[in-house]
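J.:
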Amino acid sequence: MAVAVSVTMLAAGLVGFFADLLWASADVLDALDKRASVISMFVGIAGLLVAGAALLAQLRPPAPTLPLLPPTPLDETAGTQPPLDARATGLVGVPAVAGQSARQALPSVTDVPADGVIGLPRRQSMVFVGRGEELEALGQGLKDRPGVVTRAVIGLGGIGKSELALHYATRHRDAYRLVWWIDAEGPDNIQAGLAGLCRALCAATAATAAAQVPTEEAVAWALAWLGAHSDWLVVWDNVEDIEDVQPYLGRLHTGHVLITSRRDVGWQEVATVLTLGVLPRAEAVRLLLEMIGGPAAEDERLAAELAEELGDLPLALKQAGAYIVASPGMDLARYLRLLHTTPQRVLAADSGRRRDADQVVARTWAVTTARIAETDPPAMRLLWLLACYAPDRLPCQVLYGLADTDEVAVAEALGVLASYSMISRSVDGQELSIHRLVQAVTWAELSDDERARVRATAAGLLESALPADPEAISSWPLYARLLPHARAVLAPESPAMATVIAYLTVNGDWHTARIVQQQRVTALQDTLGLEHLDTLTARTRLAFFTAWGGEPAAARDQITALLPVMEQALGPEHPDTLKTRDDLARWTGRAGDTVTARDQITALVPVMERTLGPEHPDTLRARANLAHWTGTAGDAAAARDQFAVLASVRERVLGPEHPATVADHGDLAYWTGEAGDATAAREQLTTLLPVLDRVRGPEHPYTLIYRGFLADFTGEAGDAVAARDQLAVLLPVRERVSGVEHPATLTVRSDLAHWTGVAGDCGAARDQLAVLLPVLNRVLGPEHLDTVKARTRFVSWTGKAEEHS
Numbered sequence: 013m014a015v016a017v018s019v020t021m022l023a024a025g026l027v028g029f030f031a032d033l034l035w036a037s038a039d040v041l042d043a044l045d046k047r048a049s050v051i052s053m054f055v056g057i058a059g060l061l062v063a064g065a066a067l068l069a070q071l072r073p074p075a076p077t078l079p080l081l082p083p084t085p086l087d088e089t090a091g092t093q094p095p096l097d098a099r100a101t102g103l104v105g106v107p108a109v110a111g112q113s114a115r116q117a118l119p120s121v122t123d124v125p126a127d128g129v130i131g132l133p134r135r136q137s138m139v140f141v142g143r144g145e146e147l148e149a150l151g152q153g154l155k156d157r158p159g160v161v162t163r164a165v166i167g168l169g170g171i172g173k174s175e176l177a178l179h180y181a182t183r184h185r186d187a188y189r190l191v192w193w194i195d196a197e198g199p200d201n202i203q204a205g206l207a208g209l210c211r212a213l214c215a216a217t218a219a220t221a222a223a224q225v226p227t228e229e230a231v232a233w234a235l236a237w238l239g240a241h242s243d244w245l246v247v248w249d250n251v252e253d254i255e256d257v258q259p260y261l262g263r264l265h266t267g268h269v270l271i272t273s274r275r276d277v278g279w280q281e282v283a284t285v286l287t288l289g290v291l292p293r294a295e296a297v298r299l300l301l302e303m304i305g306g307p308a309a310e311d312e313r314l315a316a317e318l319a320e321e322l323g324d325l326p327l328a329l330k331q332a333g334a335y336i337v338a339s340p341g342m343d344l345a346r347y348l349r350l351l352h353t354t355p356q357r358v359l360a361a362d363s364g365r366r367r368d369a370d371q372v373v374a375r376t377w378a379v380t381t382a383r384i385a386e387t388d389p390p391a392m393r394l395l396w397l398l399a400c401y402a403p404d405r406l407p408c409q410v411l412y413g414l415a416d417t418d419e420v421a422v423a424e425a426l427g428v429l430a431s432y433s434m435i436s437r438s439v440d441g442q443e444l445s446i447h448r449l450v451q452a453v454t455w456a457e458l459s460d461d462e463r464a465r466v467r468a469t470a471a472g473l474l475e476s477a478l479p480a481d482p483e484a485i486s487s488w489p490l491y492a493r494l495l496p497h498a499r500a501v502l503a504p505e506s507p508a509m510a511t512v513i514a515y516l517t518v519n520g521d522w523h524t525a526r527i528v529q530q531q532r533v534t535a536l537q538d539t540l541g542l543e544h545l546d547t548l549t550a551r552t553r554l555a556f557f558t559a560w561g562g563e564p565a566a567a568r569d570q571i572t573a574l575l576p577v578m579e580q581a582l583g584p585e586h587p588d589t590l591k592t593r594d595d596l597a598r599w600t601g602r603a604g605d606t607v608t609a610r611d612q613i614t615a616l617v618p619v620m621e622r623t624l625g626p627e628h629p630d631t632l633r634a635r636a637n638l639a640h641w642t643g644t645a646g647d648a649a650a651a652r653d654q655f656a657v658l659a660s661v662r663e664r665v666l667g668p669e670h671p672a673t674v675a676d677h678g679d680l681a682y683w684t685g686e687a688g689d690a691t692a693a694r695e696q697l698t699t700l701l702p703v704l705d706r707v708r709g710p711e712h713p714y715t716l717i718y719r720g721f722l723a724d725f726t727g728e729a730g731d732a733v734a735a736r737d738q739l740a741v742l743l744p745v746r747e748r749v750s751g752v753e754h755p756a757t758l759t760v761r762s763d764l765a766h767w768t769g770v771a772g773d774c775g776a777a778r779d780q781l782a783v784l785l786p787v788l789n790r791v792l793g794p795e796h797l798d799t800v801k802a803r804t805r806f807v808s809w810t811g812k813a814e815e816h817s
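This note's numbering puts the first residue of the sequence shown at 13, with every later residue one more than the last.
Below, the structure written as structure tokens:
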């Protein structure tokens, strides 16, 4: 540029000189002179600008020689990436230049030893239980082998990933020349952590240079040092995105890297993955009690209850323990009450010693949910819905029905939640689970209006997923999967809940049906009133479930209280009133007063035949009750004959495999045996049971009743050993289905003891009945027919055992 200016000025001078020599006129010379002056002025200004620019360029400091993480060129000849050389980076051993004397150069990475540099964030927790296997697995995964060894620990926030990594680093610190911890929650944090490593390593030999060097150069130097050394461990804690660490991992070829992350996305590509779950219940209780100490630590029952409420989450257990210890007057029981009433406040509280965000449950998840809401709003919408359902095993198909979206969008949103470990997937990927504390915190953050809208949406989705026919056996598996979620989200008085109760009825789950029906009765009373037909009908169903749940006397009392209300509200001969009278006779007989039951139903049947018709389903049911209580009152032959006629009518009216028809055939077989023909009864039941298995299911309570009858009549027909063995197989099934103290279960135990004695072991029969009698006295009462029968058997087998002793 300077040469160009000089040439221009020289040319202008020559023009003026030669113009004069060519004897140009004065006017021409005058014009040329003026133009030359103007040109000279502009040329001079340009020269000044160029000179100033050159001076500024000389004063400016040189540009950095290495950008952040410069790519290492591939050796095209060999087709491989050459190992990272410390001096090749351009950072090591670079002398200061003019104008740079105030900043020293970093030393060569090969000249800086580690020799026991330890950079951990804090001491390991003294309370650390239930992670022995995981700690051992972590050690196995980080054993030396060629190349850099990388292990990733993933799991829900608060699950204990960082504590596990800290315990590993502390336990194995002597095996490494350097142990360094990096808060890796974002790219800036990762750079700061690596720059800190540079300054820590240079502290003894080049502290000033390390303090002055820009972060980018410090990061590159730290990576060069790691590439030039082995026997080191770097922990990247709480990595948010695998892409944040990929560039750094690509530059390492020795040493050990341990990563913790809430996100489960792509780690299998770069590391061996260890997925961390909640603590086993026993270890969760132990952790809680060790945190609390003192007299409160002796209450294992309350500690177990609190551990269950906290979902066995280590951070929540530690937070609860620290809060109880630090808060005057706080104990396990009071903390439990607060957790039930104000979960958000309790889970956000700390003991005054835990101020970091990752030390308090609510704050830990608040960071995660904020990120999810920012990056994927549909995922937050699903998280709100998941807060409504039961925490475990929600079928994904329920959420795929969400309006204003499609299955692809729902699947992607669920993938986001799973990547943050906010939900977990079943092995087959078809069901979702969510930690109950995640539910509690998510739900507590919603306003009342938001909760109402979300719950309505959740209930609508579940209702749409329920199979149409609850009595179809093919629909039972899905009903079983949806049942806990229905109980969590459906209104007790809703039609959808009535469908669920119908499933519980045909499936024989009397205990659950009774609980849900009681909630339904209460809701209907509150919304419709005590005398509304729906309320009265619900109360009769509650008595049904109460009786079949093992409390017939309580059912009788419920119907006794209900009948006057129905007669007043509906009239004495209303169909529902007559059905209630039938129920009263039934539960009176079940409670042990068979003669009264027979008399009540004998008076009722003519009224029902007159008002409803002789073949009305309710009339036929009353006739079945009449036959049953006739036999129970002592006339087995009459009961047999009545059931023979009734089974024929039901088969014609309802069909051969209708549950009521099958029940009539079962009762016909029973009363045939009670009338003295055990062999015929056994043959009839043997033929009937495959039908029962198909119609009712092999473990339906009705099916189990007739299996017990088959065993009894097998014994009565002369094969006591087969009877004993059949009952021995039946008993554990009955205990599992109905409960160990259900009257039907106690009947099986009594019959098993009896046939054990008949089969030849009088002492075993006596001993079994001796254990059973106190239970019968407590559950059924000393005057109940089953109790009296068992007592009689006990006396008999006791005498026979003494005779054979």
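We treat Cβ as the ideally placed atom computed from N, Cα and C, and that holds for glycine.
What is the rounded straight-line gap between the Cα of residue 270 and the Cα of residue 560?
T.: For residue 270 and residue 560, the distance between alpha carbons rounds to 58 Å.
J.: With burial defined as no fewer than 16 other Cβ atoms inside 10 Å of the residue's Cβ, what is the status of residue 155: buried or exposed?
T.: Classification of residue 155: exposed, given that the 10 Å Cβ count is below 16.
J.: Whose C-alpha, out of 793, 603 and 740, is nearest the C-alpha of residue 780?
T.: Among 793, 603 and 740, the Cα nearest to that of residue 780 belongs to 740.
J.: Are there three or more Cβ pairs, one per stretch, closer than 8 Å when the segment 390-409 is compared with the segment 441-460?
T.: Counting Cβ pairs under 8 Å, three or more are found: they touch.
J.: Any contact of the segment 598-610 with the segment 573-580, i.e. 3+ C-beta pairs under 8 Å?
T.: Verdict: no, contact absent.
J.: Taking only runs that begin and end inside the segment 419-465, name each unbroken alpha helix (DSSP H) of 4 or more residues, in chain order.
T.: Correct list: 419-431 and 448-456.
J.: Contact defined as beta carbons within less than 8 Å: I believe residue 722 pairs with residue 748. What is the distance between those atoms, to the nearest angstrom?
T.: Between residue 748 and residue 722 the Cβ distance is about 19 Å, and since that is not below 8 Å, they are no contact.
J.: Alpha carbon to alpha carbon, how far is residue 294 from residue 437? Give it in angstroms, no decimals.
T.: Roughly 24 Å separates the two Cα atoms.
J.: Using 8 Å for Cβ pairs, my map puts residue 616 next to residue 632. What's the rounded Cβ distance?
T.: At roughly 13 Å, the Cβ-Cβ gap does not stay under 8 Å, so residue 616 and residue 632 are not in contact.
J.: Restricting to Cα atoms, I'd like to know which of 345, 419 and 296 is closest to residue 328.
T.: For the residues 345, 419 and 296, the minimum Cα distance to residue 328 belongs to 296.
J.: As a quick exercise: from 811, 715 and 286, pick the residue whose alpha carbon is nearest that of residue 704.
T.: If we check each option's Cα against that of residue 704, 715 comes out closest.
J.: Could you tell me which of 814, 692 and 334 sits nearest to residue 300, measuring between CA atoms?
T.: It is 334 whose Cα lies nearest to the Cα of residue 300.
J.: Measure from the alpha carbon of residue 555 to the alpha carbon of each residue in 345, 527 and 669, then state which is nearest.
T.: The option with the nearest alpha carbon to residue 555 is 527.
J.: Looking only at its chain, what residues have a beta carbon closer than 8 Å to the beta carbon of residue 206, apart from the 5 residues adjacent to it on each side?
T.: The answer, listed in chain order, is 194, 230, 231, 234, 235 and 260.
J.: How is residue 259 classed by DSSP in three states: helix, strand or coil?
T.: Looking at residue 259 - three-state DSSP - the assignment turns out to be helix.
J.: So what's residue 163 in DSSP terms, helix, strand or just coil?
T.: Of the three classes helix, strand and coil, the one that applies to residue 163 here is strand, per DSSP.
J.: Put residue 287 into one of helix, strand or coil per three-state DSSP.
T.: Here residue 287 sits in strand by DSSP.
J.: Need the endpoints of the beta strand (DSSP E) that residue 194 sits in, please.
T.: From DSSP, the beta strand (DSSP E) with residue 194 extends over 190-195.
J.: Secondary structure at residue 131, three-state DSSP: helix, strand or coil?
T.: DSSP places residue 131 in strand when its eight states are reduced to three.
J.: Is residue 358 closer than 9 Å to residue 324 when the C-beta atoms are compared?
T.: Taking 9 Å as the Cβ cut-off, residue 324 and residue 358 do not qualify as a contacting pair.
J.: Please list, in chain order, all residues of the same chain as residue 242 whose beta carbon is under 7 Å from its beta carbon, the five residues on each side excluded.
T.: Cβ within range, chain order: 266 and 267.
J.: So if DSSP puts residue 245 in a beta bridge, which residue, or which two residues, is it bridged to?
T.: 191 and 268.
J.: Please report the distance separating the alpha-carbon of residue 246 from that of residue 451.
T.: Distance between the alpha carbons of residue 246 and residue 451 is about 34 Å.
J.: Examine the Cβ distances between the segment 376-384 and the segment 468-486 and report whether three or more of them are shorter than 8 Å.
T.: As far as the Cβ criterion goes, the segment 376-384 does not touch the segment 468-486, which means the pair count is below three.
J.: Short of 7 Å in beta carbon distance, which residues of its chain neighbour residue 736, apart from the five on each side in sequence? Order them along the chain.
T.: The answer, listed in chain order, is 764, 767, 768 and 771.
J.: Leaving out five residues before and five after residue 543 in sequence, what residues of the same chain have Cβ atoms less than 7 Å from its Cβ?
T.: If we look at residue 543 and ignore the five residues flanking it on each side, its Cβ neighbours are 577 and 581.
J.: For the 8 Å Cβ check, are there 3 or more pairs between the segment 136-144 and the segment 174-181?
T.: A contact exists between the segment 136-144 and the segment 174-181.
J.: Are at least three pairs of beta-carbons, each pair with one atom in the segment 462-472 and one in the segment 335-352, less than 8 Å apart?
T.: Verdict: no, contact absent.
J.: Consult DSSP for residue 407 and reduce its assignment to one of helix, strand or coil.
T.: The answer is strand: DSSP assigns residue 407 an E or B state.
J.: Out of 514, 146, 642 and 597, which one is the CA nearest neighbour of residue 286?
T.: Comparing Cα-Cα distances from residue 286 to each of 514, 146, 642 and 597, the minimum goes to 146.
J.: Which first and last residues belong to the alpha helix (DSSP H) in which residue 621 is found?
T.: Its alpha helix (DSSP H) spans residues 606-623.
J.: Are residue 652 and residue 687 close, meaning C-beta to C-beta below 9 Å?
T.: Yes; because the gap between Cβ atoms is below 9 Å, this pair is in contact.
J.: What number of angstroms, rounded off, separates the C-alpha of residue 150 from the C-alpha of residue 500?
T.: Rounded to the nearest angstrom, the two C-alpha atoms are 39 Å apart.
J.: Please classify residue 684 as buried or exposed, where buried requires at least 16 other C-beta atoms within 10 Å of its C-beta.
T.: Burial call: buried.
J.: Once DSSP output is grouped into helix, strand and coil, what is the label at residue 174?
T.: Three-state result, residue 174: helix.
J.: What do you get for residue 597, buried or exposed, if any count of 16 or more other CB atoms within 10 angstroms of its CB means buried?
T.: With 16 or more Cβ atoms within 10 Å of its Cβ, residue 597 is classed as buried.
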